[in-house]
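These protein sequence lines are chains S and R, in that order. Following this note's numbering, the numbering of the first sequence begins with 1 at its first residue and continues without gaps. Following this note's numbering, the numbering of the second sequence begins with 1001 at its first residue and continues without gaps. Beta carbons: idealized from backbone N, C-alpha and C, even for Gly. Quantities reported herein were computed from a predicted structural model and do not represent experimental measurements. Data first, discussion second: the structure below is written as structure tokens.
Protein chains: 2
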Amino acid sequence: MAETETFPDRKRGSGVKLVYDLLRDEILDLVLPPGSTIDEVQLAERFGMSRTPIREALVRLAGEGLVETLPNRSTMVANIDFLNLHTFFDALTLMYRVTTRLAATYHQPAELNAIRQHQARFAAAVEAQDALAMIASNRDFHAAIAEAGRNPYYTSLFLRVLDEGRRLLRLYYQSFDDRLPREYVDEHEAIIAAIEARDVELCDRLAKAHADQIVRQIQKFLTRDRRQSLPL
Amino acid sequence: MAETETFPDRKRGSGVKLVYDLLRDEILDLVLPPGSTIDEVQLAERFGMSRTPIREALVRLAGEGLVETLPNRSTMVANIDFLNLHTFFDALTLMYRVTTRLAATYHQPAELNAIRQHQARFAAAVEAQDALAMIASNRDFHAAIAEAGRNPYYTSLFLRVLDEGRRLLRLYYQSFDDRLPREYVDEHEAIIAAIEARDVELCDRLAKAHADQIVRQIQKFLTRDRRQSLPL
DNA sequence: TGCATTTTATTTGTCGACAAAGTTTTGTCA
DNA sequence: TGACAAAACTTTGTCGACAAATAAAATGCA
């Protein structure tokens, strides 16, 4: 039997954010599978509110490409575009490099601290073999680096790319029994050190290597031979 | 006396797009000045519809950063952040380069054609000294190049940056009596040729030079000495 | 049975209404 | 007069209702 959610009385104006955040998480953690339809009325009942705030949350999600709305028809969770993954890898790599470079130049002590905290959480998640926490803290780690780079244009694109990556990584680790690699922890540490040393070129190289590593892992997963798992 | 707009019967679902497109244009052409407040009820009367579709259009505009919404308070046209223009220049330059490079690699004949058409309109606008048309077609020209590059992540960021640039350029040419420079026409032609030749490195250099040129012009405008125009 | 067409049902887009939050005006007292 | 409080007004966020659009079911016909 499913748990019954209860949403206590909330302040006027908080409903949209509540729905938005929850739907967003459910989409990115693949709780809502790509392509599945979203029912406004059902959500309205689930959250105990009218359709108006639900719709606003959906419009915002659509603006970020996490949801697709067909006119006069249902809105559905955005599909993962496996055919054009190379555009994703390309953007991911460039954004890793650019944001890490900028962080080396513009970071301030407090920001480096925030980055370290996310890294600590990331290391703990890897240690505990907690895939969801690892994916989330990895995203936060790189988002914090982008913040330190202080370019809102890059940050917003990077967040979008990282979110898309969150879905891919979830897919990846689901299929490999959630066994998490430790080399990322060390790579993160090296990146932190390079940012602190304000070594732009080293940051660039490390960011590129880090991106390549991730891209390679995902590609390995996508191109692996699935034939032996077919029943005969 | 102001012209009275009339909006004929429209199909169900078209209202949001109508409002969105019009508000967007008015914001980017500085018809709605940055910082000015937006009245939902007034818009609803103006377009002859209820507040619901107006609100949805505003939510979408907020998602693109063209409008800022204060909870329980008015929503206003986003301000231009003059203090952090360098982040804009940085992103603009990088996106010029990246999208032009990708266009050189991935463009197809039809797309090159579209790019040429925008360039023709751009040249005509410069010839006619029509600043608004020139700004719009310049944006379309570079957007078409991004399209040819086929990376939706880059395209979406680039469009956002170009839109922000539309406001800045409008400001620029308003203040200089809308006298339009012709060198951009030639630079555009060179870029087209480089894309057609699929010369990635040349595209990169030309895009960077083009970006630098624009950045320099805007900076010149922003830092010019305004003292002599003060009344004594 | 298989296909086209009408009926019914579901779902979306829009509306008018209303209450909560915020803003301005009015009123009171020092 | 000037500062503070109360009242009146404006604007926003949410709701329930309804009609247009689509999807599903039922019906008719060969």
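Cβ of residue i less than 8 Å from any chain S Cβ?
i, result
"threonine 1099 of chain R", "no"
"proline 974 of chain R", "Nothing can be reported for residue 974 of chain R: it is not among the residues displayed for chain R, which extend from 1001 to 1232."
"proline 1053 of chain R", "no"
"glutamate 1056 of chain R", "yes"
"alanine 1144 of chain R", "no"
"valine 1067 of chain R", "no"
"aspartate 1009 of chain R", "no"
"leucine 1085 of chain R", "no"
"asparagine 1113 of chain R", "no"
"proline 1034 of chain R", "no"
"methionine 1001 of chain R", "No answer about methionine 1001 of chain R holds up, because its pLDDT of 48 lies below 50 and its placement is not dependable."
"asparagine 1079 of chain R", "no"
"leucine 1018 of chain R", "no"
Could you please give the first and the last residue of the uninterrupted beta strand (DSSP E) stretch that includes residue i?
i, result
"glutamate 68 of chain S", "67–69"
When the Cα of residue i is compared with those of the options, which residue comes out closest?
i, options, result
"glutamate 187 of chain S", "S/Gly165, S/Ile214, S/Arg60", "S/Ile214"
"glycine 165 of chain S", "S/Leu66, S/Ala120, S/Arg101, S/Ile54", "S/Leu66"
"methionine 1095 of chain R", "R/Pro1033, R/Tyr1153, R/Ala1131", "R/Tyr1153"
"leucine 1058 of chain R", "R/Ile1080, R/Leu1168, R/Lys1208, R/Asp1021", "R/Asp1021"
"asparagine 79 of chain S", "S/Ala207, S/Gln174, S/Leu168, S/Glu189", "S/Leu168"
"arginine 24 of chain S", "S/Asp9, S/Leu61, S/Gln42, S/Lys11", "S/Leu61"
"glutamine 117 of chain S", "S/Asp90, S/Thr100, S/Ile145", "S/Ile145"
"arginine 1205 of chain R", "R/Thr1099, R/Leu1157, R/Arg1055", "R/Thr1099"
DSSP three-state call for residue i: helix, strand or coil?
i, result
"methionine 1076 of chain R", "strand"
"threonine 223 of chain S", "helix"
Along the chain, where does the alpha helix (DSSP H) that runs through residue i open and close?
i, result
"serine 14 of chain S", "14–28"
"alanine 194 of chain S", "183–196"
"aspartate 90 of chain S", "85–106"
"glutamate 1064 of chain R", "Taken as a continuous stretch (DSSP letters only), glutamate 1064 of chain R belongs to no alpha helix (DSSP H), as it is neither H nor E."
"proline 109 of chain S", "109–127"
"valine 1041 of chain R", "1040–1047"
Closer than 8 Å, CB to CB, is residue i near chain R or not?
i, result
"alanine 148 of chain S", "no"
"tyrosine 184 of chain S", "no"
"tyrosine 96 of chain S", "no"
"tyrosine 153 of chain S", "yes"
"threonine 93 of chain S", "no"
"aspartate 90 of chain S", "yes"
"arginine 60 of chain S", "yes"
"valine 161 of chain S", "yes"
"leucine 23 of chain S", "no"
"aspartate 212 of chain S", "no"
_Those runs of the alpha helix (DSSP H) which lie wholly inside the region 129–155 of chain S and span at least 4 residues_ = List check, alpha helix (DSSP H) in window: 131–149.
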